[in-house]
Amino acid sequence: MIVGRTTNQESALSIDQQRRLLRYAVIGAGMAGILAAIRLHQKGEQFTVYEKAGRLGGTWRENRYPGLTCDVPAHAYTYSFEPYAEWRAYYAEGAEIQTYFERTAEKYGVMPHIRFNAEVVSCVWDEDEQVWRLELSTGETAVADAVIAASGVLHHPRMPDIEGLDSFAGTALHSARWRDDAPVDGARVGIIGNGSTGVQIVTALQPRAAQLVHFQRSPQWIMPVPYFQYSEEEREAFRRDPALIDAIRNDKEYWANIYRFTQAITDTQGPEIAAIEQLCLDNLENSVRDPALREKLRPNYRAACKRLIYSWSYYDAVQQPNVEVEREAIARVEPEGVRMADGRLHALDTLVLATGFHADRFIRPTTVLGRDGLSLDDVWSVRPTAYYAVAIPGFPNFFMLNGPTGPVGNFSLIDIAERQWAYIDQLLEPLRRGEAESIEPSAQAHAGYEERRIAAAKSTIFGSGCNSWYLDATGVPSSWPWSYEAFAEAMASPVMADYVMDGGQKTACAAE
Ligand code: NA7
Numbered sequence: 362m363i364v365g366r367t368t369n370q371e372s373a374l375s376i377d378q379q380r381r382l383l384r385y386a387v388i389g390a391g392m393a394g395i396l397a398a399i400r401l402h403q404k405g406e407q408f409t410v411y412e413k414a415g416r417l418g419g420t421w422r423e424n425r426y427p428g429l430t431c432d433v434p435a436h437a438y439t440y441s442f443e444p445y446a447e448w449r450a451y452y453a454e455g456a457e458i459q460t461y462f463e464r465t466a467e468k469y470g471v472m473p474h475i476r477f478n479a480e481v482v483s484c485v486w487d488e489d490e491q492v493w494r495l496e497l498s499t500g501e502t503a504v505a506d507a508v509i510a511a512s513g514v515l516h517h518p519r520m521p522d523i524e525g526l527d528s529f530a531g532t533a534l535h536s537a538r539w540r541d542d543a544p545v546d547g548a549r550v551g552i553i554g555n556g557s558t559g560v561q562i563v564t565a566l567q568p569r570a571a572q573l574v575h576f577q578r579s580p581q582w583i584m585p586v587p588y589f590q591y592s593e594e595e596r597e598a599f600r601r602d603p604a605l606i607d608a609i610r611n612d613k614e615y616w617a618n619i620y621r622f623t624q625a626i627t628d629t630q631g632p633e634i635a636a637i638e639q640l641c642l643d644n645l646e647n648s649v650r651d652p653a654l655r656e657k658l659r660p661n662y663r664a665a666c667k668r669l670i671y672s673w674s675y676y677d678a679v680q681q682p683n684v685e686v687e688r689e690a691i692a693r694v695e696p697e698g699v700r701m702a703d704g705r706l707h708a709l710d711t712l713v714l715a716t717g718f719h720a721d722r723f724i725r726p727t728t729v730l731g732r733d734g735l736s737l738d739d740v741w742s743v744r745p746t747a748y749y750a751v752a753i754p755g756f757p758n759f760f761m762l763n764g765p766t767g768p769v770g771n772f773s774l775i776d777i778a779e780r781q782w783a784y785i786d787q788l789l790e791p792l793r794r795g796e797a798e799s800i801e802p803s804a805q806a807h808a809g810y811e812e813r814r815i816a817a818a819k820s821t822i823f824g825s826g827c828n829s830w831y832l833d834a835t836g837v838p839s840s841w842p843w844s845y846e847a848f849a850e851a852m853a854s855p856v857m858a859d860y861v862m863d864g865g866q867k868t869a870c871a872a873e
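Take the sequence shown: its letters are residues 362 to 873, numbered as in our numbering.
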C-alpha cells in the first residue's frame, strides 16, 4: 500500500504526505513491545500489538513469586522518556514495575492498539505482495509490511530433569508459574536453583517458612549492593521536579555496577573482574560467620560466568536458624520430599523450582517462514542468531527487540531495546520513503558478524569454561562480546551497505 505518492504538481504537499505508510505487527506487549508501540504511535504509524495473554507486562506479568525484584536500579530500569517518581526503593519490586508499564502504555495512548489474547501462531512472508501474513490463535489473519518481534527472552520455564519430580505429594511449582495457594507460611519449603530468582525467593520466604532448604548445584557470586527505600517526601519531590530523577539517572555512579559487570565479561585480564571477585569474597567473609557455611557458599568458578547476583540480604537470610543450604547432589524427588545422593531426605510441603528458562527460544514456537519458505527454526537449528541481534537474512522487514546475540550482563534491557529501536527505525526509512518494499541484512554481512562475534566471545569470560544460560548447547555464548560503548555506537547508525533491499535488487546504501 503506497499512500501520498507525489508528482511535481503536488510538490506543495508536505514531506509527511509523500511517505509510504507501513503497517506494522508488533509481537508481544512486554517492555520492548510497548516501547515499539509508543514510538510507532508517536510517528502516526499504523500498527497492532499482538499479545498472547490478557494483560501486558511480559516477564513482569508472568513472574509473581515472592521477593520478585529487578536487579537493575529502579531509575535505570525505566524508559528514557518516562521517568517515574513512584519507585519505592533503590531496586523496584515486580508488582510496581508491572504498574509502571501499564501506566506508561495508558499515558502514551497505545492500549487501544493492543490485541490481547491473540497469540501469533505463524508469520509467513508473501513474496508476491511483499507483506507478512500472520495467523492468530483466534483463527483470524492479519497482514503487515513489517514485523517487530518483541516476544522476550526468558519466558519458557526450564523444568529440572530430576527423577521422581512428578511423584511429589506436596506442591511443586516453577518460579515463573507462582500460585498464591502454594503452602509457604509455617510450611517446609525447598527451593531448587540459585540464580537471581532462587536467591530472591529464599530471602523473601525465610521469615515466613517454618523450615527452608536452599538446594544449590552451584554456589553464586553475591554482590553486596546498596538498598534503601525512597521516602514519601522524596517521591513527592520527584513528582514536583522530574529534574531530580534525571540527576539520579545521569549519575555515573548509579550506572557503575551495570558497566563494571560488562567490563568484567569482556576484559578478563582487566581490573574490574578482580575487583568484583574481591568485593564478593569480602562480602562472604564479613557476612557469614560459620566457616562451614562460608565454604558451602564459596563460588568455584570466575565471577561473571553467570549473571552476578545483586543482594543485600541473602547472606543474612541463610544464616537464620530455619534455613539450610544444601550442596549435596539431588538423587531424586520422592512423595515426601527431596532425597540427596548421600541418602538424607528433606521432607517438604512445597518445592519451588527456580531452575531458569530455555533462553534460546525467542519468538518460537511461532512458525516464521521467510523468503522461499525459509524456516526460522531451520536457520536457528544450531543456535539462534541475528545480525547485530536485530535482523536475519532471508527474513525481510522482520526485526527483533532483545533478540539473540544482544548484550546480556546486568544491563537495563530497556536501554538496550531503546537503542535497538533507534537502529530499526533507521532501517525502515528507505521503505517509508518508498525506495524499496523490503530490507534485510545480506547473508555475507551476517556471516561476517557471526564469525567476529564468536571469535571475540572466546576472549571474554565465557571462554574461561563457564556454565550458564548465556551459553548455548555447543558452548558458544549467545551474547554480545564487545563493550557497551561498541553496542551503543553500532546501534546509533546502521551500516546500510550491509543491508539489501527488495531481495538484493537494490543495495540499501544506494538509498541513503
Ligand atoms: P538462572 O539464572 O538460569 O538460574 C537457574 C538455577 O537453577 C541455577 O542455579 C541452576 O544451577 C539451577 N538448576 C537448573 N537446573 C537444575 C537441576 N536440575 N538441579 C539443580 N539445580 C538446577 O535462572 P533465574 O530464574 O534465577 O534467573 C534468570 C534470569 O532472570 C536472571 O539471570 C536475571 O536476568 C533474571 P547451575 O548454576 O546451572 O548449576
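The C-beta atom is built at its ideal place from N, Cα and C for all residues, glycine as well. Keep in mind that this is a model prediction, so the values were computed, not measured.
Which listed residue (the options) has its alpha carbon closest to that of residue i
i	options	result
G531	G631, F589, L709	L709
Q630	S820, A834, L735	S820
Q491	R744, E697, P757, E633	P757
V837	G864, P603, E646, V743	V743
L714	L526, A692, E454, R700	L526
S799	Q572, E524, A571, A869	A869
A549	A570, Q561, R650, A533	Residue 549 is actually Arg in this sequence, not Ala. Checked all of A570, Q561, R650, A533; the closest Cα to R549 is A570.
P587	A435, R813, D833	A435
S839	E790, Q866, E593, T766	T766
V508	G731, R422, A847, D739	G731
Q781	P768, T727, L605	P768
N555	Y445, D487, P521	P521
F408	H474, T465, Q459	H474
E447	G865, L605, A853, G419	L605
L774	N644, W421, R705, L382	W421
W841	A851, T835, F576	A851
D930	W486, R476, Y426, K468	In the structure as shown, the chain begins at 362 and stops at 873. Residue 930 is therefore absent and cannot be evaluated.
I670	N644, D651, E656, F823	N644
Q561	Q459, Y676, L382	Y676
E406	I458, Y426, G470	G470
C890	P696, T502, Q624	This structure leaves residue 890 out entirely; the chain is present only between 362 and 873.
E779	G391, A397, D607, R705	A397
R688	I458, H707, E695	H707
T627	C666, S672, A450, T835	C666
E488	G734, Y426, G513	G734
Terminal residues of the beta strand (DSSP E) in which residue i lies
i	result
V545	Note, V545: premise wrong, no beta strand (DSSP E); not H, not E.
Y385	384–388
E687	684–687
P802	800–802
G698	698–701
Q407	407–411
E695	691–695
Buried versus exposed call for residue i [16 or more other C-beta atoms within 10 Å across all chains shown]
i	result
K404	exposed
Q681	exposed
F442	exposed
V856	exposed
E371	Any reading at E371 is ruled out, since the residue's pLDDT is 37, under 50, leaving its predicted position unreliable.
S528	exposed
D859	buried
S592	exposed
V364	Confidence is the limiting factor: at V364 the pLDDT is only 30, short of 50, which leaves the residue's position unreliable, though a coordinate-based value still follows. Exposed, because fewer than 16 other Cβ atoms sit within 10 Å of the Cβ of V364.
R400	buried
M584	buried
R366	Caution is warranted here: a pLDDT of 28 is assigned to R366, below 50, making its placement in the model unreliable, and the coordinate value is therefore given only provisionally. It is exposed - the Cβ of R366 has fewer than 16 other Cβ atoms within 10 Å.
R380	buried
A818	buried
D602	exposed
L658	buried
N828	exposed
R621	buried
E597	exposed
F589	exposed
8 Å contact criterion, which residue i and residue j should meet: CB distance rounded
i	j	result
A664	C641	6 Å
A511	G394	4 Å
E463	L417	6 Å
T439	Y411	With a Cβ gap of about 25 Å, T439 and Y411 do not count as contacting.
T727	V481	5 Å
T887	S579	No answer is possible for residue 887: it lies beyond the span of the chain, which begins at 362 and ends at 873.
E801	G755	7 Å
Element boundaries [alpha helix (DSSP H), containing residue i]
i	result
G836	G836 -> no alpha helix (DSSP H), and no H or E assigned at all.
D643	632–648
W421	420–423
I399	392–403
Residue i: CB within 8 Å of a non-hydrogen atom of the ligand MN
i	result
A453	Although the ligand MN was asked about, the structure shown includes only the ligand NA7 as ligands.
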